[in-house]
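As numbered in my numbering, residues 741 to 991 make up the sequence shown, in order.
Quick reminder that beta carbons are idealized off the backbone N, C-alpha and C, glycines included.
Written out below as structure tokens is the structure these notes cover.
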Amino acid sequence: MSASVGQPQRVWATLALVVVLLGLLLALRLVLIVPILRKKAGLKVNQKPRKRSEDESIKVAVFLGSGGHTAEMLKLVSALDPARYTERIYFVSHGDQFSSQKARELETSLASTRTRIKSESRREKDDTSDSTPRVVVEELPRARRVHQSFATTPLTAAQCLLVCIDHVLVRPLKASWRTGTRPRRRPQSDSGRSPPVSRKNDVFADLLLLNGPGTCVPLVLAVYIRKVLGLHAPHIIGKFRRRMSRLARMK
């Protein structure tokens with residue numbers, strides 16, 4: 741009788757130990773990837789993006805808020821070289837037709853400009869591949885609607901997080917497995933050298949531009965889930981006063 745009673749206790753004790761160990765591993769991983777936690781732990785914080793070759797394209801994801809945030813972000817995107825930043829993904833909140841329309845108008849303008857200068861660019865004359873920009877506009881459910889009760893906010897925030905995880909993690913991995921390519925790991929920068937990186941389908945983006953908080957928070961959390969799993973994650977730029985200087989480092 742005592743043996744039968746003690747066996748479930750050992751099972752629960754083992755499960756508790758496994759949960760504690762997993763929690764410790766997760767906490768250690770967060771300390772290694774979250775800059776503010778690395779700083780508090782006395783570790784070196786290295787947020788400098790890796791050097792890229794001149795012919796390497798950069799995939800950009802942009803979250804467009806509403807009103808002035810959209811105008812601010814589109815002004816920044818319009819300053820990017822479409823020949824270098826060839827892939828752009830726009831995220832807008834559900835029902836934000838204004839931001840979606842403005843993003844498409846900007847891409848139409850960029851496409852016409854690119855067509856006009858194509859014959860004048862020696863690099864594009866020598867390039868026989870299809871360099872037409874690939875643009876996608878995706879809708880995300882709002883993390884919190886205007887005047888929404890704080891009691892129901894966790895539910896909508898969780899829904900938004902799940903959709904963000906689908907866009908940031910699940911879809912790229914599905915595309916990777918469909919094409920038979922292996923998920924790309926994060927480049928190691930501790931040695932001061934970054935290995936050559938080829939374009940993989942599992943890459944969500946190389947650069948994420950956003951202006952939060954709000955729906956930006958679940959989007960950033962989804963990016964950090966990629967980091968926890970050791971997958972390639974985009975460089976996040978969320979402070980307007982730092983955007984132009986950090987974009988210069990990406991070149």
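| query | result |
| --- | --- |
| Secondary structure of E878, DSSP reduced to three states | strand |
| L816 - DSSP class collapsed to helix/strand/coil | helix |
| Three-way DSSP call (helix, strand, coil) for V832 in this model | strand |
| 8 Å contact criterion, which P958 and C900 should meet: CB distance rounded | 4 Å |
| Spatial distance of T754 from L768 (CA atoms) | 21 Å |
| Coil, strand or helix - L796 by DSSP | Inspection of the sequence shows that residue 796 is occupied by Glu rather than by Leu. DSSP places E796 in coil when its eight states are reduced to three. |
| Member of L913, F944, V751 whose CA lies at the smallest distance from the CA of V800 | F944 |
| Span separating the alpha-carbon of G970 from that of L961 | 14 Å |
| Per-residue burial, A843 [other beta carbons within 10 Å of its own, 16 or more giving buried] | buried |
| Identity of the residue in Y825, V802, H972, N951 nearest S840 by Cα | V802 |
| Between the CA atoms of V832 and S806 - distance to the nearest angstrom | 9 Å |
| Neighbourhood of A756 by C-beta, 8 Å cutoff - its chain only, sequence neighbours within 5 removed | none |
| Close-in-space but distant-in-sequence residues of the same chain around A883 (CB under 7 Å, 5 per side omitted) | T896, A897, C900, G954, T955, V957, P958 |
| Opposing strand residues paired with L948 [DSSP bridges] | A801, I976 |
| Reference M813, options Y830, S797, Q888, I798, closest by Cα | Y830 |
| Whether H809 touches N951 by CB criterion (8 Å) | yes |
| Through-space distance from E827 to L820, alpha-carbon basis | 11 Å |
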